[in-house]
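Residue numbers (the numbering used here): 57 to 278.
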């Protein structure tokens with residue numbers, strides 16, 4: 057179990073510092089339904105990551121060899137996922153806003169103030185399990201779990217731990233808001249502005265590092 061958690065932990069940290077979900081929850085914390093919407097978003101984020109990571113881990117793990125090890129093609133899955141992450145990193149870097157230019161923001165950011173808890177939950181699912189960049193990271197985490205363990209119980213526990221770590225970035229602003237109340241407003245607003253401005257660069261570096269790691273792990277397993 058420790059191996060499964062350890063293998064997936066770097067990817068979970070990558071999901072943790074993904075800027076857009078952090079920006080989303082910060083915007084919710086300054087909206088009309090701050091606490092309930094942010095909590096719904098956090099729940100949707102955690103559950104969807106758990107489900108996707110576990111599904112990938114179980115599907116890949118079910119094809120394990122007779123000795124309980126991962127199938128030979130699992131290494132190639134890691135390599136392919138790693139290459140895709142690197143390609144996304146290049147795309148993010150090329151699309152970064154130039155100096156002095158304002159970054160483009162998704163339309164849903166303008167509508168967050170009118171969100172209901174259901175829409176907040178749904179946005180979390182979209183950002184974690186449908187958004188290509190985050191989906192690739194979560195799938196990579198599930199593949200890492202499967203490559204380390206074919207035991208279903210261990211995969212379940214590792215997927216939950218993976219999702220918990222991946223949710224820290226979203227949970228911290230909620231905790232700051234609950235602890236500091238109105239005093240947290242300025243801090244959260246500064247965090248949101250910095251994340252929006254540097255989203256492309258953060259994701260490019262993150263995807264490149266994790267992609268290179270996945271390729272390296274895959275090559276070493278061949």
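Built from N, CA and C at the ideal position, the CB exists for glycine as well. Just so you know, these numbers come straight off a predicted model, no measurement behind them.
- Of all alpha-carbon atoms in 199, 206, 229, the one lying nearest the alpha-carbon of residue 65 is that of 199.
- Secondary structure of residue 166 (DSSP, three-state): helix.
- Following the DSSP letters along the chain, one finds residue 150 inside the alpha helix (DSSP H) bounded by residues 128-150.
- Exclusion of the five residues before and after residue 151 leaves 256 as the residues of its chain whose Cβ lies within less than 7 Å of its Cβ.
- Taking C-alpha positions only, residue 102 is separated from residue 219 by approximately 6 Å.
- The beta carbons of residue 221 and residue 232 sit no closer together than 8 Å.
- Non-local C-beta neighbours of residue 258 in its own chain, meaning closer than 6 Å and more than five positions away in sequence, comprise 75, ordered along the chain.
- Listed in chain order, the non-local C-beta contacts of residue 180 below 6 Å within the same chain comprise 97, 100, 101, local neighbours out to five positions each way being set aside.
- Residue state for residue 118 is assigned as coil, using DSSP reduced to three classes.
- In the DSSP annotation of this structure, residue 86 is not part of any alpha helix (DSSP H), being labelled neither H nor E.
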